[in-house]
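Structure first, then comments.
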Amino acid sequence: MDLRKINRLLCYIVLILLSILCLFSFYLLIVNSTRAHSQIQKGFSFTTGSFFKINLKNVLDSEELPVVNGIINSFIVSSASSILATYFSVLTAFSIHTYEFKFKRLFFTFIMMIMMVPNQVSALGFMRWMGKLDLMDSLIPLFLPSIASPIVFYFMLAYMQSNLPKAMIEAARIDGASEFRIFNQMVLPIMKPAIAVQAIFTFVSAWNNYFIPSLIIRSTKNKTLPILIAQLRSADFLKFDMGKVYMLIFLAIIPIIIIYIILSKYIVRGVAVGSVKE
Amino acid sequence: MKSISKKKTKSISYSKWGYIFLIPFFTIYIIFSLIPLISTFNNSFFENYMVGLTQIGPNFVGLDNYRAILFDSDLPKFALNTLIIWLLGFIPQIIISMTLAIWFTSARLNLKLTGFFKTVIYMPNLIMAAAFSMLFWALFSDIGPVNNLIVALGHEPISFLQSVNGNRGLIALMNFLMWFGNTTILLMAGIMGIDNSILEAAQIDGANAWKTFWHVTIPSIKPILVYVFLTSLIGGIQMFDVPQVLTNAEGGPNRTSMTMIMYLNKHLYSKNYGLAGALSVILLIITAILSFIVYRNLTERAEK
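Quick mapping for you: the protein sequence lines, in order, are chains R and F.
When we follow our numbering, the leftmost residue of the first sequence carries the number 37, and every step to the right adds one.
When we follow our numbering, the leftmost residue of the second sequence carries the number 8, and every step to the right adds one.
Below you can see the structure in the form of structure tokens.
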């Protein structure tokens with residue numbers, strides 16, 4: 037009995053230490069985003085300061101970094117990606133799930149095959165081809181490709197197989213509904229839980245994406261947040277107000293953490309379902 | 008009779024909707040992925056770069072770019088860097104994730120607050136890698152808070168970002184923090200899927216916890232372990248954001264933290280399309296082989 041208690045105590049200690057390791061850097065981020073440059077230079081602190089508003093104002097008004105534009109661009113790209121990826125992945129999954137047609141197996145196998153191809157390996161062609169299409173320095177190539185998201189498709193298909201009986205579709209047809217109507221008014225509502233989980237994941241990964249945007253975006257007004265952060269890194273940091281540096285990181289990270297805290301139950305469940313299902 | 012025949016003709020006409028609903032996916036895939044992929048292949052066979060302001064090529068050179076990138080470049084060094092940094096993150100990750108997964112699923116331990124702990128350890132996975140890396144750079148710089156703390160505790164400051172181990176260690180630490188929660192959740196799902204009767208049978212046979220783990224748990228979740236290992240390796244090959252931002256694209260002292268994708272990115276920026284193309288194709292082939300093993304591993308499991 038006693039041994040078990042000691043065991044358990046040991047587990048809790050390790051878990052608490054790991055949690056601290058996970059949270060410590062974000063804690064320092066929050067602390068330092070509330071302190072003035074001179075305070076940060078002076079040394080370490082565990083308690084927050086009173087410069088949060090001033091740092092925020094400085095970052096948002098900053099002339100060398102168009103932060104407000106960056107937030108807006110990141111938000112446009114992430115929202116559009118998440119809407120397009122979820123809607124069209126459900127549509128693609130619906131096609132494979134519902135209909136019988138020639139080469140269906142082939143299409144499915146093809147989508148599974150391209151699932152693991154990282155987009156870095158076609159980045160060269162992507163860059164040059166976007167130049168030819170006159171889409172260089174545009175936000176469109178950052179979100180339009182989400183229509184073809186094999187991983188989201190696979191998740192939707194798995195969810196559909198256990199939640200959308202074909203008899204329901206038959207019934208709707210007998211009632212005279214068109215295929216488009218069946219999809220938009222019956223299938224989409226049934227898929228809501230899966231759509232919610234995948235919408236969050238695609239939003240977050242688009243929000244965090246750095247490699248492709250950094251190759252496509254040139255002009256200051258179109259930059260997204262990750263590009264601004266990398267740009268800040270390459271600036272001469274001795275000239276920089278560290279309060280502003282921490283505040284920019286804060287703006288890039290904290291919205292995602294807030295979304296996560298609100299929806300963590302669904303997200304953590306989604307991880308296991310998405311990756312291990314069958 | 009009439010209604011049956013009507014239904015039959017209708018069910019035939021439905022199949023066209025299968026194609027129609029696939030149109031958006033494949034149109035977008037062809038425009039934004041397939042054409043770029045083919046173009047990348049194509050570029051890899053041409054000499055095409057800039058010397059100052061002079062454009063060389065494009066001239067067809069066959070496999071010269073492959074020869075150049077494999078034998079006359081620092082790619083082997085960068086591949087080794089990538090592997091070392093990946094291992095530095097992955098080894099602690101798999102050990103700790105395995106331990107946590109067993110603790111969280113153990114009925115004997117019956118830990119409380121597992122939901123809370125899972126939420127906390129998964130969180131870094133959703134953080135913007137570029138911002139996370141920038142944060143670590145600020146925290147671990149020579150005059151940053153971590154060194155302030157070290158000095159306040161009466162030690163000499165440590166130049167993390169000027170040393171090889173410091174850079175590699177920090178990148179590995181970030182990768183570890185970003186992925187061990189995810190791995191824990193995957194392994195938990197695997198362990199919870201083990202048939203309870205096997206575990207009970209092992210206990211009746213007098214197997215202790217360690218033996219049960221080694222002879223029952225590990226073999227039962229082998230497919231998930233393989234999945235975790237290979238997807239992590241594929242992710243490791245793609246390592247970019249964290250080292251790029253931490254080392255400001257330079258790869259740390261003597262480029263010891265330069266990864267393969269950072270090298271690719273350098274060629275893309277300097278418009279050396281031939282070498283960038285060859286490197287892309289090599290990375291694609293490695294990834295394809297690893298993915299194929301994952302796929303076979305998963306389908307074998309489904310068939311069992």
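Built from N, CA and C at the ideal position, the CB exists for glycine as well.
Note that the coordinates shown come from a computational prediction; the quantities given were computed from them, not determined experimentally.
Residue i versus residue j: straight-line alpha-carbon distance, rounded
i              : j              : result
T294 (chain F) : I300 (chain F) : 10 Å
S72 (chain R)  : F87 (chain R)  : Strictly speaking, residue 72 (chain R) in this sequence is Ala, with Ser absent from that position. Taking the straight line joining both Cα atoms gives about 6 Å.
A256 (chain F) : I91 (chain F)  : 18 Å
S104 (chain F) : E206 (chain R) : 46 Å
Y280 (chain F) : V249 (chain F) : 24 Å
S311 (chain R) : V235 (chain F) : Model confidence at S311 (chain R) stands at a pLDDT of 49, short of 50, so the residue's coordinates are unreliable; what they give is reported in the following sentence. The straight-line gap from Cα to Cα measures roughly 10 Å.
Q251 (chain F) : F124 (chain R) : 33 Å
I165 (chain F) : F147 (chain F) : 9 Å
R209 (chain R) : K140 (chain R) : 22 Å
I11 (chain F)  : Y21 (chain F)  : Because I11 (chain F) carries a pLDDT of 47, less than 50, the predicted location of this residue cannot be relied on, and the following value inherits that uncertainty. Rounded to the nearest angstrom, the two C-alpha atoms are 15 Å apart.
L29 (chain F)  : F247 (chain F) : 33 Å
L46 (chain R)  : I265 (chain R) : 40 Å
D170 (chain R) : M163 (chain R) : 11 Å
I45 (chain F)  : K229 (chain F) : 36 Å
F247 (chain R) : S140 (chain F) : 14 Å
P260 (chain F) : A214 (chain F) : 51 Å
M152 (chain R) : L160 (chain F) : 47 Å
For residue i, the first and last residue of its enclosing beta strand (DSSP E)
i              : result
N55 (chain F)  : F53 to V58
G167 (chain R) : Taken as a continuous stretch (DSSP letters only), G167 (chain R) belongs to no beta strand (DSSP E), being part of the alpha helix (DSSP H) at A159 to K168.
I63 (chain F)  : T61 to F67
Beta-carbon contacts of residue i that lie in its chain and below 6 Å, excluding the five residues immediately before and after
i              : result
K259 (chain R) : G106 and I253
M135 (chain F) : none
L82 (chain F)  : I76
I19 (chain F)  : Because I19 (chain F) sits at a pLDDT of 48, beneath the cut-off of 50, its placement in the model cannot be relied upon, and the point is left open.
M172 (chain R) : M166
Cβ-Cβ distance between residue i and residue j below 8 Å
i              : j              : result
N66 (chain F)  : N132 (chain F) : no
R44 (chain R)  : L206 (chain F) : no
A145 (chain F) : M283 (chain R) : no
I293 (chain R) : M130 (chain F) : yes
I225 (chain F) : L194 (chain F) : no
L160 (chain R) : L275 (chain F) : yes
L290 (chain F) : M267 (chain F) : yes
W165 (chain R) : P43 (chain F)  : yes
A285 (chain F) : S51 (chain F)  : yes
T128 (chain R) : I231 (chain R) : no
L287 (chain R) : V103 (chain R) : yes
T219 (chain F) : A209 (chain F) : yes
I27 (chain F)  : I183 (chain R) : no
Q245 (chain F) : F187 (chain F) : no
V157 (chain R) : L224 (chain R) : no
N147 (chain R) : P186 (chain R) : The identity of residue 147 (chain R) in the sequence shown is Ile, whereas the question assumes Asn. Yes.
7 Å Cβ shell around residue i - same chain, five flanking residues per side excluded
i              : result
L297 (chain F) : L237, L240 and I241
L175 (chain R) : N109, I112, V113 and N258
Y296 (chain R) : I303
F143 (chain F) : L177, M181 and L253
G151 (chain F) : A145
Residue environment, residue i, which counts as buried when at least 16 other CB atoms sit within 10 Å
i              : result
F82 (chain R)  : exposed
R303 (chain F) : exposed
N88 (chain F)  : buried
M57 (chain F)  : exposed
K41 (chain R)  : exposed
E307 (chain F) : exposed
N172 (chain F) : exposed
W217 (chain F) : exposed
T238 (chain R) : buried
A137 (chain F) : buried
G243 (chain F) : buried
L53 (chain R)  : exposed
Bounding residues of the alpha helix (DSSP H) (the contiguous stretch that carries residue i)
i              : result
F191 (chain R) : P186 to N199
T191 (chain F) : V171 to M199
K41 (chain R)  : D38 to S69
D81 (chain F)  : Taken as a continuous stretch (DSSP letters only), D81 (chain F) belongs to no alpha helix (DSSP H), as it is neither H nor E.
L125 (chain R) : Looking at the sequence itself, residue 125 (chain R) is Ser, so the reference to Leu does not match. Its alpha helix (DSSP H) spans residues V103 to T134.
N203 (chain F) : N203 to I211
L41 (chain F)  : Segment: none, L41 (chain F) is in no alpha helix (DSSP H) and carries neither H nor E.
N94 (chain R)  : F88 to D97
M148 (chain R) : K140 to I150
E206 (chain R) : K202 to I210
N272 (chain F) : M267 to Y276
Y234 (chain F) : K229 to I244
Close-in-space but distant-in-sequence residues of the same chain around residue i (CB under 8 Å, 5 per side omitted)
i              : result
G64 (chain F)  : F53, E54, N55, Y56 and G281
F111 (chain F) : L118, T121, F124, K125, T191 and M195
S264 (chain F) : N88, I92, V171, N174, R175, I178, P250, L253, T254 and G258
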